[in-house]
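*Asks:* The structure follows.
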Amino acid sequence: MKLRSARWFDGGDEVALSHRVALRLTEADRGRPVIGIADTSSALNPCNAGLADLVAEVERGIRDGGGLPARFPVMSLGEDLMKPTAMLYRNLVAMELEETVRANPIDGVVFLANCDKSVPAALLAAASTDIPSLLLIGGSRAAPAYAGKPLGSGTDLWRALDERRTGRMDERQWQELESTLRCAGPGACNTMGTASSMAIVTELLGMCLPGSAGVPAGGARLQQIAWETGRLVAEHVRREWTPTQRITQAAWDNAVRGLAAVGGSTNAVIHLAAVAGRLGLAGDLTRMDRLWRDVPLLADVEPCGARLVAAFAAAGGVPALVRAMGPLVDGGTVAGDGRSWAQVAAAGGAGAAASSQGSTTPAGVIRSLDDPVRAAPTLAAVFGSLAPDGAVVKVAAATPQLLQHRGRAVVFDDYDAMRARLDDPAAGIEAGDVVIVRGCGPKGAPGMPEWGMAPIPKRLLARGVPDMLRITDGRMSGTSFGTVVLHVAPEAAAGGPLGRVAEGDTVELDLAGRRLDLLVDPEQLATRTFPQPAAAAHLRGWPRLYADHVQQAPQGADLDFLAGPTEAARRFIEPTVGRS
Ligand code: FES
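For the sequence shown, our numbering gives the first residue as 142, with consecutive numbering after it.
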């Protein structure tokens with residue numbers, strides 16, 4: 142086995158000498174692989190903050206596996222604070238990781254990640270660098286109890302928001318909720334939001350330890366996983382196991398189906414498309430819809446179910462899910478520890494230690510194909526005159542009656558317009574209307590923020606209207622729920638028909654027929670235009686580069702020059718190793 146780092150360290154000249162000195166290498170270190178630890182912990186990102194506590198165990202695991210650990214910091218993508226959205230920076234972090242690996246004597250990598258976008262950024266980097274690597278995902282946060290119920294991250298806040306807007310929750314209760322949430326501690330959202338969904342997807346792609354998705358943050362089990370991940374990456378280097386050997390078409394298909402089985406986040410649909418684009422896999426929405434058609438909801442986890450992610454992990458996690466999915470999973474694919482998924486599923490997952498909190502007890506949280514939480518499908522793709530290149534619906538979180546619906550369009554050109562006018566009685570919004578929020582696609586905002594789940598107008602909420610059909614070229618949080626058609630492509634800012642919908646037009650969703658249509662004469666439509674977003678705010682820097690090169694949601698909102706349609710375009714060119 143020839144180490145990549147040997148290009149830096151081998152030789153008797155002054156260049157190799159200075160490289161060895163820089164990493165303080167001794168003769169005893171010769172031939173040991175350098176394993177980078179990409180550390181995304183940050184005080185600005187509570188979901189990733191706990192990752193710092195795992196570094197020592199990862200380092201110990203790497204040394205026990207015969208490697209040399211080298212931690213390096215990475216930009217941290219947190220959903221809570223980053224504006225307009227952490228999604229704007231996913232591709233930047235993927236590039237940062239790829240270039241850090243490319244420019245340095247790194248033989249393998251442990252990517253530390255947790256919050257929504259840090260996980261796909263690492264996956265994209267792993268796919269493109271294709272050096273031996275695994276992700277270590279930081280686990281789900283504890284659920285503090287409010288009003289006698291453990292709080293599900295995001296999901297319970299959206300429910301409380303509706304209570305507050307209708308006056309059923311007063312100011313004191315709202316403040317109590319805030320102080321309760323403050324006690325939740327570090328870790329990712331404890332519902333089946335994007336972070337949990339991506340942890341499960343990552344595991345099915347063979348890019349983290351089997352049985353690790355969803356384990357509680359801060360526990361002994363995660364420390365053990367950290368050590369094992371470090372040790373395993375050193376082994377991956379020795380055996381020359383690379384990510385692309387595991388992220389095959391079959392593994393990608395498994396991940397798409399697994400996402401549906403857990404009622405996972407629609408954001409993961411975009412990230413999976415980006416992974417497919419990086420590796421030249423078939424990853425279009427038509428294929429996804431076909432894969433989703435016979436997958437029922439097997440995980441009883443919020444927002445589509447009733448429990449929290451810790452219960453999913455305690456019930457055996459992804460290995461137990463794979464067992465439950467039976468023929469829906471290709472067991473010949475390879476898990477992060479080198480075993481086939483058939484072997485992992487047969488061995489059974491140890492699972493995480495069950496929490497003492499009621500909703501995290503594991504019984505019945507992972508169901509069988511014969512006794513699902515709800516019937517297939519849980520996710521679907523729709524196409525039509527309003528979404529020629531497709532859109533996505535989280536069927537499991539929607540109101541069944543609204544999945545076949547025709548209504549009058551109420552149109553908002555951006556987020557601020559929606560927030561300003563939605564609750565205004567003068568807007569005249571009625572229960573059967575279709576709320577359209579546009580201008581929030583990859584180019585439009587830019588970055589495709591989670592603005593898609595427009596609140597139900599206060600006046601209608603008070604009348605007991607729980608849901609409306611909403612359509613957007615943006616995204617929604619994985620912790621959200623409701624009948625929302627997302628990721629409409631092409632987006633309004635790219636000239637898609639969503640930009641030409643006028644107030645009062647008739648829109649029709651026909652989920653059974655997988656159609657989304659604007660019932661307007663095409664000739665009349667051709668005369669309308671959508672005002673392009675003001676570019677002035679994004680004339681420079683990363684947002685400029687992003688807006689110029691980002692692709693649409695069905696292509697994973699990846700940058701056009703990062704996709705890998707050909708073998709030659711898929712991996713970086715090694716740098717010349719001479720004097721810097
Ligand atoms: Fe970070 Fe949900 S906000 S995982």
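By construction, the Cβ of each residue, glycine as well, lies at the ideal position given by its N, Cα and C atoms.
Along the chain, which unbroken stretches of the beta strand (DSSP E) at least 3 residues long are found entirely within the region 474–547?
*Replies:* Segments of the beta strand (DSSP E) lying fully in the region 474–547: 521–525 and 528–534.
*Asks:* Can the beta-carbon of Ile247 be found closer than 8 Å to that of Ala375?
*Replies:* No, Cβ-Cβ distance for Ile247 and Ala375 is not below 8 Å.
*Asks:* Less than 6 Å between C-beta atoms, sequence neighbours within five positions excluded: which residues of the same chain meet that for Thr181?
*Replies:* If we look at Thr181 and ignore the five residues flanking it on each side, its Cβ neighbours are Asn189, Val215, Ser217, Leu253, Ala254 and Ser259.
*Asks:* Ignoring anything shorter than 4 residues, give me the alpha helix (DSSP H) runs that lie fully in the region 308–370, in order along the chain.
*Replies:* List check, alpha helix (DSSP H) in window: 312–323 and 335–345.
*Asks:* Give a single yes or no on whether Cys256 has its beta carbon closer than 7 Å to a heavy atom of ligand 1.
*Replies:* Yes, the Cβ of Cys256 comes within 7 Å of a heavy atom of ligand 1.
*Asks:* The alpha helix (DSSP H) that contains Arg464, what's its start and end?
*Replies:* Where Arg464 is concerned, the enclosing alpha helix (DSSP H) stretches over Gly458 to Met466.
*Asks:* Would you call the CB atoms of Pro631 and Asp530 closer than 8 Å?
*Replies:* Closer than 8 Å, so yes.
*Asks:* If you run the structure through DSSP and keep just helix, strand and coil, what is Gly191?
*Replies:* The answer is helix: DSSP assigns Gly191 an H, G or I state.
*Asks:* Under three-state DSSP, which class holds Arg306?
*Replies:* Three-state DSSP puts Arg306 in a helix.
*Asks:* Once the 5 residues before and after Thr519 are set aside, which same chain residues still bring their CB inside 6 Å of it?
*Replies:* Excluding positions up to five away in sequence, the list reads Ala401, Gly404, Leu438, Val536 and Ala537.
*Asks:* Which partner residues does Lys584 have in the DSSP bridge list?
*Replies:* Looking at the DSSP assignment, Lys584 forms no beta bridge with any residue, so it has no partner.
*Asks:* For the candidate residues Leu543, Arg604, Gln390 and Cys581, whose alpha-carbon lies nearest to that of Leu639?
*Replies:* Closest option to Leu639, Cα to Cα, is Cys581.
*Asks:* Between Gly489, Pro261 and Ser621, which lies nearest to Thr343 when the distance is taken from Cα to Cα?
*Replies:* Cα-wise, what sits closest to Thr343 is Pro261.
*Asks:* Is DSSP giving Ile388 helix, strand or coil here?
*Replies:* Reduced to three states, the DSSP call for Ile388 is coil.
*Asks:* Could you check whether the region 420–431 touches the region 502–513, counting it as contact only if at least three pairs of C-beta atoms, one from each stretch, sit closer than 8 Å?
*Replies:* In short, these stretches do not touch, since the Cβ pair count stays below three.
*Asks:* Whose CA, out of Ala567, Ala572 and Ser338, lies closest to the CA of Gln542?
*Replies:* Among Ala567, Ala572 and Ser338, the Cα nearest to that of Gln542 is on Ala572.
*Asks:* Among the candidates Trp149, Pro174, Arg685 and Arg173, whose CA atom is the shortest distance from the CA of Val162?
*Replies:* Answer by Cα proximity: Trp149.
*Asks:* In three-state DSSP terms, what is Gly705?
*Replies:* Reduced to three states, the DSSP call for Gly705 is coil.
*Asks:* Below 8 Å between beta carbons: does that hold for Pro357 and Ala283?
*Replies:* Yes, they are a contact pair.
*Asks:* What are the complete alpha helix (DSSP H) segments, minimum 4 residues, inside the region 172–240?
*Replies:* Listed in chain order, the complete alpha helix (DSSP H) runs (minimum 4 residues) inside the region 172–240 are 187–190 and 196–205.
*Asks:* Per DSSP, what are the beta-bridge partners of Asp651 in this structure?
*Replies:* Its beta-bridge partners are Gln545 and Arg656.
*Asks:* Under the three-state reduction of DSSP, which class applies to Thr613: helix, strand or coil?
*Replies:* In this structure, Thr613 counts as strand in the three-state DSSP scheme.
*Asks:* Should Asp297 be counted as a contact of ligand 1 given a C-beta to heavy atom distance under 7 Å?
*Replies:* Answer for Asp297: no, Cβ out of range of ligand 1.
*Asks:* Which word fits Leu660, buried or exposed, when buried means at least 16 other C-beta atoms lie within 10 angstroms of its C-beta?
*Replies:* It counts as exposed.
*Asks:* Which residues in the same chain as Gly418 place their Cβ atom closer than 6 Å to its Cβ, once the five residues preceding and following it in sequence are excluded?
*Replies:* So the list reads Gln696, Gly697, Asp699 and Ala704, once near-sequence residues are dropped.
*Asks:* Among Ser338, Leu610, Leu318 and Gly645, which has the Cα closest to the Cα of Thr540?
*Replies:* With distances taken between Cα atoms, Thr540 lies closest to Leu610.
*Asks:* If you follow the alpha helix (DSSP H) that Leu276 is in, where does it begin and where does it stop?
*Replies:* Looking at the DSSP string, Leu276 is not in any alpha helix (DSSP H); the run it does join, the beta strand (DSSP E), is Ser274 to Ile278.
*Asks:* Spatial neighbours of Arg165 within its chain, please: CB distance less than 6 Å, with the 5 preceding and 5 following residues excluded, ordered by chain position.
*Replies:* Excluding positions up to five away in sequence, the list is empty.
*Asks:* Using only the alpha-carbon positions, how far apart do Val397 and Trp433 sit?
*Replies:* Answer to the nearest angstrom: the Cα atoms are 7 Å apart.
*Asks:* Closest by CA to Gly421, which one among Arg448, His412, Gln390 and Val410?
*Replies:* Ranking Arg448, His412, Gln390 and Val410 by Cα distance to Gly421 puts Gln390 first.
*Asks:* Going by other Cβ atoms of all chains shown within 10 Å of its Cβ, with 16 needed for buried, is Trp368 buried or exposed?
*Replies:* Buried, because 16 or more other Cβ atoms sit within 10 Å of the Cβ of Trp368.
*Asks:* Flag this pair as yes or no: are the beta carbons of Glu239 and Phe713 separated by less than 8 Å?
*Replies:* Yes, Cβ-Cβ distance for Glu239 and Phe713 is below 8 Å.
*Asks:* Could you tell me whether any non-hydrogen atom of ligand 1 is closer than 7 Å to the CB of Cys445?
*Replies:* Answer for Cys445: no, Cβ out of range of ligand 1.
*Asks:* Between which two residues does the beta strand (DSSP E) containing Gly682 stretch?
*Replies:* Where Gly682 is concerned, there is no enclosing beta strand (DSSP E), although the alpha helix (DSSP H) it sits in stretches over Gly682 to His690.
*Asks:* If we count the other Cβ atoms within 10 Å of its Cβ and call it buried at 16 or more, is Thr501 buried or exposed?
*Replies:* Any reading at Thr501 must be qualified, since the residue scores a pLDDT of 48, below 50, and its modelled position is unreliable; the value itself is stated next. The residue is buried, with at least 16 neighbouring Cβ atoms inside 10 Å.
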